[in-house]
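Take the position in the sequence shown, starting the count at 1, then add 304; the result is the number in my numbering. For every residue, glycine included, the Cβ atom is placed at its ideal position computed from N, Cα and C. From a predicted model like this one, the values you see are computed outputs, not experimental measurements.
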Amino acid sequence: MLASQKKGVELLEELSKHPFQYRIQSYAAGLSELTILAHRLEGETPHCYRITFQTTHYIQAPSSWNAANLRLASTTKWDDFAAVLGLSRLQKEQLLLFVATPADKPEIRIVCHTVFVSHEIPL
């Protein structure tokens, strides 16, 4: 993992400590940018986070899902999937695989270069 990728991965790991409802908000094809909203409905005020995957190379996901948090894939899973995608060693080192496994939907997979997490404050 590159140093520039660590902050977003750490924030996404922090989010995984709570149950969220996820919804794909947008995909900007020209930028290869996928944006997902994560809503946590616990507590007095609803929390919403915007998760932005930049330089997205692969997406396998439903439009929304519950209670299956995105996380960085294991090294073994990433090695196997990178081989399926036909990625070179250099590409594999520069990209990240995020996965989630909802109970009622197929496994979610997102391959990207960088992830950013921002907290959306409700009005």
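message: In the DSSP output, which residue or residues are listed as bridge partners for TRP369?
response: Position 65 of the sequence shown, counting from 1, holds the residue named residue 369. Note: TRP369 sits in a beta bridge opposite TYR326.
- prompt: Three or more beta-carbon pairs under 8 Å between the region 416–427 and the region 353–363, yes or no?
  reply: yes
query: Helix, strand or coil: which one does DSSP assign to THR380?
result: Within the sequence shown, numbered from 1, the residue matching residue 380 stands at position 76. If DSSP states are grouped into helix, strand and coil, THR380 belongs with the helices.
- prompt: Taking C-beta to C-beta, are ALA365 and ARG354 nearer than 9 Å?
  reply: Mapped onto the sequence shown, residue 365 falls at position 61. Mapped onto the sequence shown, residue 354 falls at position 50. The answer is no: Cβ separation not under 9 Å.
query: Which two residues bound the contiguous alpha helix (DSSP H) that contains LEU341?
result: The residue given as residue 341 occupies position 37 in the sequence shown. Element bounds for LEU341: not the alpha helix (DSSP H) but the beta strand (DSSP E), 337–344.
query: What residues in its chain sit with their C-beta under 7 Å from that of GLY312, if we drop five residues either side in the sequence?
result: Along the sequence shown, one-based indexing puts residue 312 at 8. The residues are THR418, VAL419, PHE420 and VAL421.
task: Pull up the distance between the alpha-carbon of ILE414 and that of LEU400, whole angstroms please.
output: Here residue 414 corresponds to residue number 110 of the sequence shown, with the count starting at 1. Here residue 400 corresponds to residue number 96 of the sequence shown, with the count starting at 1. Taking the straight line from one Cα to the other gives about 8 Å.
message: Quick test of the definition: if touching needs 3 or more C-beta pairs under 8 Å, does the region 320–332 touch the region 379–389?
response: no
- prompt: Does the beta-carbon distance from GLN398 to LEU315 come in below 9 Å?
  reply: On the sequence shown, position 94 is the one that residue 398 refers to. On the sequence shown, position 11 is the one that residue 315 refers to. Taking 9 Å as the Cβ cut-off, GLN398 and LEU315 do not qualify as a contacting pair.
message: For GLN398, report the span of its alpha helix (DSSP H) as first-last.
response: Against the sequence shown, residue 398 aligns to sequence position 94. Note, GLN398: alpha helix (DSSP H), 393–398.
- prompt: Taking the C-alpha atoms as reference points, what is the distance between THR339 and SER308?
  reply: Locating residue 339 in the sequence shown gives position 35, counting from the first residue. Locating residue 308 in the sequence shown gives position 4, counting from the first residue. Their Cα atoms are separated by approximately 19 Å.
field: Straight-line Cα distance separating ARG344 from ASN370
entry: Within the sequence shown, numbered from 1, the residue matching residue 370 stands at position 66. Within the sequence shown, numbered from 1, the residue matching residue 344 stands at position 40. Cα to Cα, the separation comes out at about 10 Å.
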